[in-house]
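Colleague: In case it helps, this note's numbering puts the sequence shown at residues 389 to 529. We put the CB at the ideal spot given by N, CA and C, even for glycine.
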Amino acid sequence: MTNAPLVARKLAVLADHLGRLTARRPTEFFRYQADTLLQDAVALSILVVVQEAMDISLHIASDEGWEVATTFRDAFDVLAKHSVITSELAARLGATAQLRNRIAHGYATVDAERVWTELPSGIETFEAFSAAVAAFLIKST
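1) Is residue 395 closer than 9 Å to residue 444 when the C-beta atoms are compared?
2) According to the neighbour-count rule (16 or more other Cβ atoms, all chains shown, within 10 Å of its Cβ), is residue 432 buried or exposed?
3) With a threshold of 9 Å between beta-carbons, can residue 457 be considered close to chain B, or not?
4) What's the call for residue 455, buried or exposed, on a 16-neighbour Cβ count within 10 Å?
5) Residue ranges of each alpha helix (DSSP H) run of no fewer than 4 residues wholly in the region 414–446, ordered along the chain?
6) Hey, could you find the ends of the alpha helix (DSSP H) residue 466 is sitting in?
7) Pairs of beta-carbons, one from the region 462–470 and one from the region 433–440, closer than 8 Å: are there three or more?
8) Can the beta-carbon of residue 518 be found closer than 9 Å to that of residue 399?
9) Got a sec, what are the start and stop residues for the alpha helix (DSSP H) residue 405 sits in?
10) Alpha carbon to alpha carbon, how far is residue 453 from residue 407? Give it in angstroms, no decimals.
11) Would you grab the beta carbon distance between residue 481 and residue 441 for me? Rounded to a whole angstrom, and I think it's under 8 Å.
12) Quick check: the Cα distance between residue 529 and residue 515, rounded to an integer number of angstroms?
13) Can you list, in chain order, the residues of its chain with a C-beta nearer than 7 Å to that of residue 492? Leave out the 5 residues immediately preceding and following it.
14) Any idea if residue 402 is buried or exposed, counting beta-carbon neighbours within 10 angstroms, 16 or more meaning buried?
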């Protein structure tokens, strides 16, 4: 059985950082582009959000005795296979694993304009993930 208090704490951290991302994103790209400290703050919150979602996925799969994901991307597919999230949502979440790796490993391939442009839909994706996981926790208790 899933450790609901642990997952709930992780969902709270994820929600906190989603709020930070929402608050930090300026309405104009030029403001974001000109502020490297803001870009770093956004990158850190993205990293935390993606990492928490992956951790949540891995904890649920482990606690439920499901198969072990071999990659971070696969962690979301395991939840989809067991109807915690949809396959479409798993695919959207899986794509974020690559961005997480770029940020975490300091690759020079993080495109500021792309991050700024895709941030609103990314926030929606992780809000949908959080809602699905919360529903799973409620249903499984």
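Modeller: Considering the structure as presented:
1) yes
2) exposed
3) This model lacks chain B altogether, as it is built from one protein chain only.
4) exposed
5) 417–422
6) 460–469 is the span of the alpha helix (DSSP H), which, as asked, contains residue 466.
7) no
8) yes
9) 392–412
10) 32 Å
11) 6 Å
12) For residue 529 and residue 515, the distance between alpha carbons rounds to 21 Å.
13) 435
14) buried
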